[in-house]
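Numbering (the working numbering), first residue to last: 50 to 751.
A virtual CB, placed ideally from N, CA and C, is assigned to each residue, including glycine.
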């Protein structure tokens with residue numbers, strides 16, 4: 050199939066496939082997680098043959114006409130048809146390539162109607178361009194395959210998964226069809242290995258095949274090179290996310306190993322599961338998948354849970370608690386409850402609210418750690434369940450804080466939820482919780498994780514951080530001021546649709562902190578979040594991540610992803626903390642020196658983009674020159690349609706930032722932008738010639 054094929058295109062963002070059957074093999078691979086994953090794979094399935102492409106675009110004429118992609122598609126169809134000398138008869142469904150295939154000498158027939166209307170036995174091979182397959186069509190194709198037919202299918206499985214409404218990869222129609230061949234589409238996306246596509250000239254490494262990977266780590270994982278261990282873990286991890294429960298090749302062997310090594314699957318900060326322990330890491334993936342399938346009353350505590358997120362104290366007793374949930378506030382709503390590891394809890398709600406998208410979540414630690422070299426906790430410990438019935442029973446092997454998840458768009462009102470079997474945990478909500486009750490009893494509740502919050506910010510920290518916290522009201526009043534300040538900077542109302550969230554974790558997926566919902570931090574930041582004096586003195590990291598959640602792509606162009614968020618930090622430090630940004634070591638304090646070096650080196654935009662604090666100094670100069678009010682008005686102007694359309698690319702974004710700042714400040718900033726080396730167009734600069742020029746006082750010259 051690969052004869053004469055050196056380079057295939059990437060139509061969009063191809064996904065990744067995995068070969069796990071004994072007669073399955075990868076053909077072309079892409080980059081994934083520091084290893085390789087199949088973009089095109091094939092297999093024999095009894096007397097039938099199948100080929101899979103990891104993007105539906107591969108079945109279309111547009112992709113076939115790029116590089117050697119068409120050669121591979123033609124060869125795949127001939128091979129799947131049995132490789133007979135005559136031109137294969139191809140039934141084409143769900144794509145536009147029938148005419149192109151006919152031009153290339155194949156006997157291609159497009160199927161306009163339902164596949165069920167076609168006589169599959171009249172064709173040697175079927176080309177599927179990611180159509181929606183009914184159950185009857187899956188069964189008809191499976192019968193055709195068993196009879197010796199060939200199938201070539203193209204699918205973007207990560208896209209399917211986004212709209213699958215809770216369906217698993219095992220339920221994907223093409224995965225069920227190709228299960229007999231031991232091929233599956235995963236939810237991953239493959240990185241390119243050649244310009245605009247993939248290098249198809251190199252033979253895929255043996256460990257790209259999941260069975261070969263299992264053989265290798267089963268014999269001696271220690272004997273493998275680090276890149277081989279990584280490849281084995283990636284291949285098996287992808288496979289175990291897709292293989293069906295009745296898979297005869299991979300799962301029985303991995304499940305047997307899991308029973309043999311289950312007691313070793315304990316991840317703690319003191320003894321993390323490291324990359325060298327590739328067998329344990331693979332087995333952990335299977336255990337996590339089995340836990341998802343286990344009925345609540347059969348779930349048992351996973352041993353790692355005692356270390357993180359933590360065990361309940363001896364003598365703690367479960368409670369029955371009636372909750373009031375505000376349906377006007379989407380997202381996670383804290384309950385002040387904690388699910389014990391392995392303990393089933395029951396949720397009752399009014400029948401008319403079932404099936405409305407409400408869900409129950411256990412655990413705020415949503416970061417998956419699979420790609421990290423060390424797991425100080427199990428790599429996936431948070432999960433949610435839909436509240437689709439009047440009574441729902443759930444259980445987590447790890448336990449965690451309990452939340453009710455509310456979707457956007459529900460009719461405002463109050464929902465009463467009855468939760469049975471969970472444990473009370475510290476919860477303080479500004480404006481709702483009594484300080485007296487907090488000090489007297491709430492902060493001492495047994496749950497190992499606490500929630501401190503308001504309508505604007507919520508903090509999830511170990512309960513040890515709040516046992517002696519005397520005044521959470523003052524703490525959250527300050528956090529609310531931080532929230533309001535950031536909203537002021539972008540001219541938005543103080544009240545939010547939902548509160549922002551912070552959660553401390555023993556390990557996170559990337560960096561020391563990262564933005565999102567929730568904003569994730571390492572565990573040592575937990576005490577800082579609830580230390581009012583510390584926050585009032587200024588915490589760059591926490592404010593930095595909250596700033597990320599306020600960025601807007603219209604005024605955050607390429608090179609400023611780690612810059613415009615820091616402008617929020619400068620504003621909070623100056624207006625709330627009384628901290629002069631010019632004195633912040635490592636940031637503005639070093640700006641003049643950084644600027645001199647930047648100019649001396651030629652003021653390249655690449656250098657500007659590579660140093661966020663250098664770029665931040667440019668923004669600081671604008672604020673120093675014209676004040677915060679001008680900055681706010683510039684940002685607010687992006688919501689004013691009379692000022693023109695939003696930028697569509699980075700070049701337009703840079704031009705608009707300069708133009709809008711110039712018009713709002715009343716000064717021509719083109720010389721300033723060009724002195725810094727930030728590219729702006731001649732047209733944009735010419736449009737400002739009616740304004741007086743401006744440069745900061747003492748701006749150094751090259």
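Residue 425 and residue 511 do not touch by the CB rule: their CB atoms are close to 15 angstroms apart, not below 8 angstroms.
Between the alpha carbons of residue 345 and residue 336 lies a gap of roughly 15 angstroms. Counted as a single uninterrupted DSSP element, the beta strand (DSSP E) harbouring residue 58 occupies residues 56-58. In the DSSP annotation of this structure, the continuous segment of the beta strand (DSSP E) that includes residue 498 starts and ends at 498-502.
Contact between residue 480 and residue 232 does not hold, since the beta-carbon distance rounds to 56 angstroms and is not under 8 angstroms. Residue range 661-675 is occupied by the alpha helix (DSSP H) that includes residue 674. Counting other Cβ atoms within 10 Å of its Cβ, residue 505 reaches 16 or more and is therefore classed as buried. The C-alpha of residue 186 lies about 60 angstroms from the C-alpha of residue 521. For the pair residue 116 and residue 59, the Cα-to-Cα distance works out to about 10 angstroms.
Secondary structure of residue 509 (DSSP, three-state): strand. By the CB criterion at 7 angstroms, residue 112 and residue 118 fall inside the cutoff.
If you draw a straight line from the Cα of residue 749 to the Cα of residue 703, it comes to about 23 angstroms. Apart from sequence neighbours up to five positions away, the residues of its chain that approach residue 531 with a beta-carbon distance below 6 angstroms are 621, ordered along the chain. Contact between residue 409 and residue 434 holds, since their C-beta atoms are separated by about 5 angstroms, short of 8 angstroms. Counted as a single uninterrupted DSSP element, the beta strand (DSSP E) harbouring residue 397 occupies residues 394-398. Under the three-state reduction of DSSP output, residue 705 falls in the helix class.
Residue 570 is bridged by DSSP to 553, 562. Contact annotation: residue 614 and residue 635 have beta-carbon atoms that are not nearer than 7 angstroms. Contact check between the segment 203-217 and the segment 229-244: three or more CB pairs, one atom from each, fall below 8 angstroms, which counts as touching. Between the alpha carbons of residue 639 and residue 563 lies a distance of about 24 angstroms. Minimum Cα-Cα distance from residue 256 among the listed residues 287, 579, 120 corresponds to 287. Counting every other CB atom within 10 Å of its CB across the protein chains shown gives residue 492 a total of 16 or more, marking it as buried. By the neighbour-count definition (other C-beta atoms within 10 Å, threshold 16), residue 79 is a buried residue. Residue 584: member of the alpha helix (DSSP H) spanning 581-585, first to last residue.
Rounded to the nearest angstrom, the gap between the Cα atoms of residue 98 and residue 149 is 23 angstroms. For residue 269, the enclosing alpha helix (DSSP H) starts and ends at 259-269.
By the C-beta criterion, the segment 218-229 is judged to be in contact with the segment 176-191, since at least 3 inter-stretch pairs fall below 8 angstroms. In the DSSP assignment, residue 232 falls within the unbroken beta strand (DSSP E) covering 232-238. Of 62, 103, 390, the smallest CA-CA separation from residue 245 is found for 62. Between residue 719 and residue 729 the beta-carbon gap is near 6 angstroms, inside 8 angstroms, which marks them as a contact.
The Cβ atoms of residue 143 and residue 103 lie no closer than 7 angstroms to each other. When the beta-carbon positions are compared, residue 441 and residue 396 come within less than 7 angstroms of each other.
Collapsing the DSSP output to three states places residue 76 in a strand. Of the residues assessed, residue 278 falls on the buried side of the cut-off, its CB having 16 or more other CB atoms within 10 angstroms. Membership of residue 621 in the alpha helix (DSSP H) is indicated by the continuous run 613-624.
Distances from the CA of residue 546 to each of 166, 376, 571, 570 were compared; the closest alpha carbon is that of 376.
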